[in-house]
Amino acid sequence: MLASRAHLAKQAAAMLMRQPACLMHHGGDWGNWGNTNIAVVFSGCGWWDGTDVHEAAYTMYHLSRNGARFQIFAPNQQQMHVMDHMRMQPSSSDNRNMMIESARFSHGQGMMQMNDLSKLDVNSFDAVIFPGGHGIVKNLSTFSKDGKDCKLNNDVERIMKDFHRARKPIGLASMAPLLACRVLPNLEVTMGYERDESSRWGRWPNTNMVQAVKSMGARHNTREPYISFRLAYVDEKNKVISTPTFMWETDYHYHYIFDGIGNMVKHVMRMTAK
Numbered sequence: 023m024l025a026s027r028a029h030l031a032k033q034a035a036a037m038l039m040r041q042p043a044c045l046m047h048h049g050g051d052w053g054n055w056g057n058t059n060i061a062v063v064f065s066g067c068g069w070w071d072g073t074d075v076h077e078a079a080y081t082m083y084h085l086s087r088n089g090a091r092f093q094i095f096a097p098n099q100q101q102m103h104v105m106d107h108m109r110m111q112p113s114s115s116d117n118r119n120m121m122i123e124s125a126r127f128s129h130g131q132g133m134m135q136m137n138d139l140s141k142l143d144v145n146s147f148d149a150v151i152f153p154g155g156h157g158i159v160k161n162l163s164t165f166s167k168d169g170k171d172c173k174l175n176n177d178v179e180r181i182m183k184d185f186h187r188a189r190k191p192i193g194l195a196s197m198a199p200l201l202a203c204r205v206l207p208n209l210e211v212t213m214g215y216e217r218d219e220s221s222r223w224g225r226w227p228n229t230n231m232v233q234a235v236k237s238m239g240a241r242h243n244t245r246e247p248y249i250s251f252r253l254a255y256v257d258e259k260n261k262v263i264s265t266p267t268f269m270w271e272t273d274y275h276y277h278y279i280f281d282g283i284g285n286m287v288k289h290v291m292r293m294t295a296k
């Protein structure tokens, strides 16, 4: 009896090993395991002066879970300033490079090496994703100084226009829709609520950015990160997918942020398959 069970277990294992990789990868919804290549753009490391660590990690997790290869990029330039994340104020004694700081998200080898954003070529990727954080408004653009009249980092502007022109998906989290709306016409995006409506769920303290994207000519759509079917907004025409994530200030509902980025990534993957 035991020998028979062992024989059956060996047969099952052999059959499983002969299956395509996408069938062995239980979590992926879009299959095509390993054949989709996504560029992920960072702006430093930390919510107040770069890319939010949760949004970065959640993005990489969901890309992996959905069967994508990905490479990470950041500008090889100095960031605006370094924030003391305890006091939430600038640190006067430090000046750091975005690429070096963003390398904290990498494992420093192979596909997980940090790459210079100036080397990002639209022809090598199927889509691009920008996680959020204040690096969007401080490092990748001048929004923190110039508001709706801001300028984008030259490579960020080039990348937005190249992917849009090539009809390749652009994923945007948190504040990142600002970048696309500044240089691309007639977009539909979400950054959550349009007014700071405090509740037991949290607050929306950055709604000035919503008014800015509207003044740039974009259409804004309200989305709540804590309602499953309203986690992201998909602009099918422009292939732009946005999710509010930490535009919403919450004390402990981080699983909704995780789910919102997962929703955005799934739509990015779906659009690469078209």
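Counting from 23, one number per residue, gives the positions in the sequence shown under the working numbering. Just so it is clear, CB atoms sit at the ideal spot from N, CA and C, and this is done for glycine as well.
Residue range of the alpha helix (DSSP H) that includes residue i
i, result
"residue 180", "176 to 187"
"residue 285", "276 to 294"
"residue 210", "It is not in any alpha helix (DSSP H) - residue 210 instead sits in the beta strand (DSSP E) that spans 210 to 214."
"residue 159", "157 to 160"
"residue 205", "199 to 205"
"residue 168", "165 to 168"
"residue 124", "120 to 124"
Cβ-Cβ separation, residue j to residue i (assumed contact under 8 angstroms), whole Å
i, j, result
"residue 59", "residue 95", "Not really, about 12 angstroms apart at Cβ, beyond 8 angstroms."
"residue 135", "residue 119", "15 angstroms between Cβ atoms; not a contact."
"residue 287", "residue 214", "That belief does not hold up - the Cβ atoms of residue 287 and residue 214 are roughly 18 angstroms apart, past 8 angstroms."
"residue 270", "residue 224", "5 angstroms"
"residue 175", "residue 162", "5 angstroms"
"residue 76", "residue 276", "7 angstroms"
"residue 186", "residue 117", "With a Cβ gap of about 33 angstroms, residue 186 and residue 117 do not count as contacting."
"residue 181", "residue 142", "6 angstroms"
Nonlocal neighbours in the same chain, by C-beta distance under 7 angstroms from residue i, ignoring five residues either side
i, result
"residue 256", "263, 289"
"residue 73", "64, 65, 66, 67, 124, 153, 155, 157"
"residue 50", "At residue 50, the pLDDT of 49 sits below 50, so the modelled position is not reliable and the matter cannot be decided from this model."
"residue 294", "58, 148, 149, 191"
"residue 84", "283, 284, 287"
"residue 128", "94, 134, 135, 136"
"residue 103", "71, 112"
"residue 164", "172, 173"
"residue 121", "96, 97, 98, 136, 138"
Range of the contiguous beta strand (DSSP E) that encloses residue i
i, result
"residue 194", "192 to 195"
"residue 77", "From DSSP, residue 77 is part of no beta strand (DSSP E) but of the alpha helix (DSSP H) over 75 to 87."
"residue 95", "90 to 96"
"residue 138", "136 to 138"
"residue 62", "58 to 63"
"residue 105", "104 to 106"
"residue 147", "No beta strand (DSSP E) contains residue 147, which DSSP labels as neither H nor E."
"residue 112", "111 to 113"
Proximal residues to residue i (C-beta, below 6 angstroms), its chain only, five neighbours per side dropped
i, result
"residue 179", "205"
"residue 166", "159, 160"
"residue 298", "Here the chain comprises residues numbered 23 to 296, so residue 298 is not present and cannot be evaluated."
"residue 92", "60, 62, 85"
Cutoff 8 angstroms; reference residue i; Cβ partners in own chain excluding five residues on either side
i, result
"residue 140", "97, 98, 177"
"residue 183", "205, 206"
"residue 126", "67"
"residue 237", "170"
Cβ of residue i within 7 angstroms of any chain C Cβ
i, result
"residue 135", "This model lacks chain C altogether; it includes just one protein chain."
message: So, does the region 254 to 269 touch the region 198 to 210, judging by three or more C-beta pairs under 8 angstroms?
response: yes
*For the 8 angstroms Cβ check, are there 3 or more pairs between the region 59 to 70 and the region 143 to 154?*
yes
Counting pairs of beta carbons, one from the region 202 to 214 and one from the region 169 to 186, are three or more of them closer than 8 angstroms?
yes
Hey, is the region 276 to 294 in contact with the region 73 to 82, meaning 3+ C-beta pairs nearer than 8 angstroms? yes
I'd like the ranges of any alpha helix (DSSP H) spanning at least 4 consecutive residues and lying wholly in the region 220 to 274. 230 to 237
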